[in-house]
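**Q**
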Amino acid sequence: MTSASPSNTNPLMRVFWYNSLFFRVVVLCAVLLLCLFSSVIVITHHFFQEAARQMEEQAADIAHNLEIRFEEGFDSDYSMLETELKDLYKGVDIKLDEQDEERQAATFTIERLGNGGFARVARVPLMNAAQPVLMTVTMTIFPQTEILRAFRNRYMMALTGVFIVALGLMVYFIGKALRPLVRLSESCAAISGGELNMVSTKGISGEILALEQTFNDMVSSLREKEMMEGKLRQAQRLSALGNLAAGIAHDVRNPLNAIKLLSSHALDMLETDEHPAAKPMRTVRAEVDRLEDIVSSFLSLARETELHREPRELDPLLRECVRLFQKDAEARGVRLTCDLRAPGLTLLLDPKQWTRAVLNVILNALEACPEGGRVRLFSRLTEKSCEIEIRDDGPGLPPDAADRAFDPYFTTKPGGTGLGLSITRGIVEEHGGSIELTSSAELGCQVLITLPLDARKA
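Just so we're on the same page, this note's numbering is the position in the sequence shown counted from 1, plus 355.
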């Protein structure tokens with residue numbers, strides 16, 4: 356029986372550009388570059404502001420000294436005054452030039468030098484008596500020195516801290532993005548060890564989500580493959596056992612037929628039923644009949660069942676199964692009830708085989724129930740299937756026995772053959788359904804048969 360391939364295997368999920376790992380890395384790099392450029396701009400701005408402030412302060416101080424000299428009546432050579440001022444103000448170059456006409460205001464400019472440096476130039480107009488004088492103060496600026504000095508400023512220290520925090524955040528987010536890949540790698544290693552565990556896809560998106568979903572689809576396929584291989588191994592084992600059972604049953608049936616005929620003939624030869632040999636012969640006949648039933652079960656397990664499907668309403672079929680066992684249940688002191696909730700549901704079933712499968716489960720439930728117990732049969736509809744459940748109030752089965760309940764020749768009952776539930780499973784699976792058993796000491800056993808609603812189709 357072939358099953359439709361699963362339709363839950365999704366193709367690789369489409370990844371939008373704003374969810375992609377590449378976009379995230381680009382954004383992180385852009386943030387890093389933005390922080391770097393911001394630092395350079397702020398440092399440069401601070402550098403020029405500091406240079407301008409120093410120049411303005413020094414130029415104002417020099418101009419004040421010169422005004423005092425000029426008020427005292429300075430009439431010497433300006434070069435001597437320039438040398439004196441240079442010795443007084445280290446690091447600046449001072450020039451005094453007489454002008455033909457008076458300048459209106461002082462100017463402060465930054466000029467680029469030929470050696471790659473900069474110079475802050477202040478030109479301040481002064482008056483020496485009636486003679487206009489232009490004072491030019493030049494301060495050479497070395498950017499490297501000023502930048503190092505600027506970094507010692509508290510604002511620069513704060514900016515450096517922000518930059519370090521931005522780097523830390525970048526490392527954190529990259530690590531967070533790579534964490535699912537590490538988890539995926541560990542899961543791949545676990546698969547090689549035989550553990551088919553899925554990975555969690557919560558809290559992630561983009562290519563990582565698509566990769567993990569594809570990985571989970573692969574794990575699901577491997578699980579299904581492992582399950583199918585297990586079923587195939589079981590089917591091969593059952594086939595071998597069935598062939599062996601069929602051979603044994605065939606060899607046993609011929610002697611049984613002879614014993615049955617001879618015992619019947621012997622009973623007929625007895626004059627009355629009160630003959631001392633009558634009771635033993637009837638016992639022989641009953642045991643032969645029981646052995647014939649066992650042989651028939653062996654042959655049923657070994658033989659492929661050919662279903663003769665026809666449209667049948669499910670609930671009336673189940674109600675008839677309950678009716679057939681009603682007197683047997685009363686004789687055992689067990690209450691047998693049904694709650695059928697699939698009215699009008701018609702499926703393509705083999706009524707004879709289907710009745711046999713349900714009766715096998717009901718019989719097991721009745722045999723497991725103590726006197727005063729209860730066996731209930733339910734039917735209900737779900738979205739894609741019909742479920743039939745048989746519950747009993749018995750003591751339940753141990754976990755290892757519940758797992759093997761459908762294995763051929765496995766039984767926990769004295770004198771049982773272990774074939775009833777195995778035959779039931781074969782009939783249910785031939786109809787495209789599934790059967791499972793759960794058990795607990797408190798609730799007893801529950802057998803759930805699931806039939807797809809596709810069984811309504813021809």
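Just so you know, even glycine gets a beta-carbon here, dropped at the ideal spot from N, CA and C.
Report yes if the C-beta distance between Asp747 and Arg731 is below 9 Å; otherwise report no.
**A** Translated into positions along the sequence shown, residue 747 becomes position 392. Translated into positions along the sequence shown, residue 731 becomes position 376. The answer is yes: Cβ separation under 9 Å.
**Q** Please go through the same chain and pick out, in chain order, the residues whose beta-carbon is closer than 6 Å to the beta-carbon of Leu776, but skip the five residues on each side of it.
**A** On the sequence shown, residue 776 is found 421 positions in, with the first residue counted as 1. Correct list, in chain order: Ala760 and Phe761.
**Q** Where does Thr767 fall in DSSP's three states?
**A** Here residue 767 corresponds to residue number 412 of the sequence shown, with the count starting at 1. Three-state result, Thr767: coil.
**Q** Counting beta carbon pairs with one atom in the segment 684–699 and one in the segment 637–649, are three or more of them shorter than 8 Å?
**A** The segment 637–649 is not in contact with the segment 684–699.
**Q** Let me know the secondary structure DSSP gives Gln681 once reduced to three states.
**A** As a first step, residue 681 is located in the sequence shown; it is residue number 326 there, counting from the start. Gln681 falls in the helix class under three-state DSSP.
**Q** On the premise that Ile804 lies in contact with Gly788, defined as a C-beta separation below 8 Å, what is that separation, rounded to the nearest angstrom?
**A** The residue you call residue 788 lines up with position 433 of the sequence shown. The residue you call residue 804 lines up with position 449 of the sequence shown. Right, their Cβ atoms sit about 6 Å apart.
**Q** Would you list the one or two residues that DSSP bridges to Cys800?
**A** By one-based count along the sequence shown, residue 800 stands at place 445. According to DSSP, Cys800 bridges with Ser794.
**Q** Identify, in the order they occur along the chain, each residue of the same chain with its Cβ nearer than 8 Å to the Cβ of Ile717, setting aside the five sequence neighbours on each side.
**A** For this step, residue 717 is matched to residue 362 along the sequence shown. Correct list, in chain order: Cys676, Val677, Phe680, Leu691, Val730, Leu732 and Ile745.
**Q** Where do the N-terminal and C-terminal ends of the alpha helix (DSSP H) with Val447 fall, by residue?
**A** The residue you call residue 447 lines up with position 92 of the sequence shown. From DSSP, Val447 is part of no alpha helix (DSSP H) but of the beta strand (DSSP E) over Val447 to Glu453.
**Q** I want to know whether the segment 474–494 touches the segment 516–529 - three or more CB-CB distances under 8 Å.
**A** The segment 474–494 vs the segment 516–529: no contact.
**Q** Looking only at its own chain, which residues have a Cβ that is under 8 Å from the Cβ of Glu726, when we skip the five neighbours before and after it?
**A** Locating residue 726 in the sequence shown gives position 371, counting from the first residue. Counting only Cβ-Cβ distances below 8 Å, and skipping sequence neighbours, we find Arg687, Gly688 and Val689.
**Q** Write down the C-beta distance between Met410 and Ala477 rounded to the nearest angstrom, noting that I regard them as a contact closer than 8 Å.
**A** The sequence position of residue 410 within the sequence shown is 55, counting from 1. The sequence position of residue 477 within the sequence shown is 122, counting from 1. Sure, about 5 Å apart at Cβ, within 8 Å.
**Q** Please classify Glu797 as buried or exposed, where buried requires at least 16 other C-beta atoms within 10 Å of its C-beta.
**A** Taking the first residue of the sequence shown as position 1, residue 797 is located at position 442. That one is exposed.
**Q** Take Thr493 and list the residues in its own chain whose beta-carbon comes closer than 6 Å to its own, dropping the five residues that flank it on each side.
**A** Stepping through the sequence shown from its first residue, residue 493 is reached at position 138. Closer than 6 Å at Cβ, skipping near neighbours: Asp448, Ala474 and Val476.
**Q** Provide the residue span of the beta strand (DSSP E) that contains Ala477, from first to last.
**A** Reading the sequence shown from its first residue, position 122 is the one you call residue 477. Note, Ala477: beta strand (DSSP E), Phe473 to Asn483.
**Q** With 16 as the cutoff for other CB atoms within 10 Å, does Ala641 come out buried or exposed?
**A** Here residue 641 is taken as the residue at index 286 of the sequence shown, counted from 1. Ala641 is exposed by the Cβ-count criterion.
**Q** Sorted by chain position, which residues of the same chain lie with C-beta nearer than 8 Å to Glu706's C-beta, five sequence neighbours on each side aside?
**A** The count along the sequence shown starts at 1 and reaches residue 706 at position 351. Inspection of the sequence shows that residue 706 is occupied by Pro rather than by Glu. Closer than 8 Å at the Cβ level, and outside the excluded window around Pro706, lie Glu665, Arg667 and Leu672.
**Q** Can you have a look at Thr737 and say buried or exposed, based on whether 16 or more other CB atoms are within 10 angstroms of its CB?
**A** The residue labelled residue 737 in the question sits at position 382 within the sequence shown. Its Cβ having fewer than 16 others within 10 Å, Thr737 is exposed.
**Q** Tell me, which residues are paired with Leu691 by DSSP?
**A** In the sequence shown, the residue the question calls residue 691 occupies position 336. Leu691 pairs with Val730.
**Q** Is Leu700 near Leu669, with beta carbons less than 9 Å apart?
**A** As a position in the sequence shown, residue 700 is number 345, starting the count at 1. As a position in the sequence shown, residue 669 is number 314, starting the count at 1. Closer than 9 Å, so yes.
**Q** By a C-beta neighbour count over all protein chains shown, 10 Å radius and 16 as the cutoff for buried, is Thr766 buried or exposed?
**A** Position 411 of the sequence shown, counted from the start, is the residue given in the question as residue 766. Buried, since its Cβ has 16 or more Cβ neighbours within 10 Å.
**Q** Based on Cα-Cα distance, which residue from Ile496, Lys615, Ser794 and Glu453 lies nearest to Gly446?
**A** Here residue 446 refers to the residue found at position 91 when the sequence shown is read from its first residue. Nearest of Ile496, Lys615, Ser794 and Glu453 to Gly446, Cα basis: Ile496.
**Q** Can you name the start and end residues of the alpha helix (DSSP H) that Thr438 belongs to?
**A** One-based indexing of the sequence shown puts residue 438 at position 83. It spans Tyr433 to Leu443 - the alpha helix (DSSP H) in which Thr438 sits, taken as one unbroken run.
**Q** Taking all protein chains shown into account, decide if Met356 is buried (16 or more other Cβ within 10 angstroms of its Cβ) or exposed.
**A** The residue labelled residue 356 in the question sits at position 1 within the sequence shown. Because Met356 sits at a pLDDT of 40, beneath the cut-off of 50, its placement in the model cannot be relied upon, and the following sentence gives the value as read from the coordinates. Label assigned to Met356: exposed.
**Q** Let's see if you can read the secondary structure: which residues bound the alpha helix (DSSP H) around Pro706?
**A** Taking the first residue of the sequence shown as 1, we reach residue 706 at position 351. Here the alpha helix (DSSP H) through Pro706 covers Pro706 to Ala723.
**Q** Three-state secondary structure (DSSP) at Asp762?
**A** For the purposes of this step, residue 762 is taken as residue 407 along the sequence shown, with counting starting at 1. Coil.
**Q** Determine whether the beta carbon atoms of Arg786 and Trp709 lie at a separation below 9 Å.
**A** On the sequence shown, position 431 is the one that residue 786 refers to. On the sequence shown, position 354 is the one that residue 709 refers to. In the sequence as displayed, the identity of residue 786 is His instead of Arg. For His786 and Trp709, yes; Cβs fall inside 9 Å.
**Q** For Leu566, count the other beta carbons within 10 Å of its own beta carbon; 16 or more makes it buried, fewer makes it exposed. Which is it?
**A** Numbered from 1 along the sequence shown, position 211 holds the residue referred to as residue 566. Buried, because 16 or more other Cβ atoms sit within 10 Å of the Cβ of Leu566.
**Q** Below 7 Å CB to CB, which residues in the same chain sit around Arg735 once its five sequence neighbours on both sides are set aside?
**A** As a first step, residue 735 must be located in the sequence shown, where it is residue number 380. So the qualifying residues of the chain are Arg696, Ala697 and Glu742.
**Q** Would DSSP call Glu665 helix, strand or coil?
**A** For the purposes of this step, residue 665 is taken as the residue at position 310 of the sequence shown. Strand at Glu665.
**Q** How many Å lie between Gln454 and Ala461 at the Cα?
**A** Position 99 of the sequence shown, counted from the first residue, corresponds to residue 454. Position 106 of the sequence shown, counted from the first residue, corresponds to residue 461. Taking the straight line joining both Cα atoms gives about 14 Å.
**Q** Could you check if Cys384 is buried or exposed, using at least 16 other CB atoms within 10 Å of its CB as the buried criterion?
**A** Position 29 of the sequence shown, counted from the first residue, corresponds to residue 384. The residue in question, Cys384, is exposed, as its Cβ has fewer than 16 Cβ neighbours within 10 Å.
**Q** To the nearest angstrom, report how far apart Lys580 and Ser794 are at their CA atoms.
**A** As a working note, residue 580 is residue 225 in the sequence shown. As a working note, residue 794 is residue 439 in the sequence shown. The alpha-carbon atoms of Lys580 and Ser794 are separated by roughly 27 Å.
**Q** Can you list, in chain order, the residues of its chain whose CB lies under 7 Å from that of Leu367, leaving out five sequence neighbours each side?
**A** Against the sequence shown, residue 367 aligns to sequence position 12. Its pLDDT being 44, under 50, Leu367 is placed unreliably in this model, and the coordinates cannot settle the point.
**Q** Starting from the C-beta of Ser434, find all residues in its chain whose C-beta is less than 7 Å away, skip the five residues before and the five after it, and write them out in chain order.
**A** For the purposes of this step, residue 434 is taken as residue 79 along the sequence shown, with counting starting at 1. There are no such residues.
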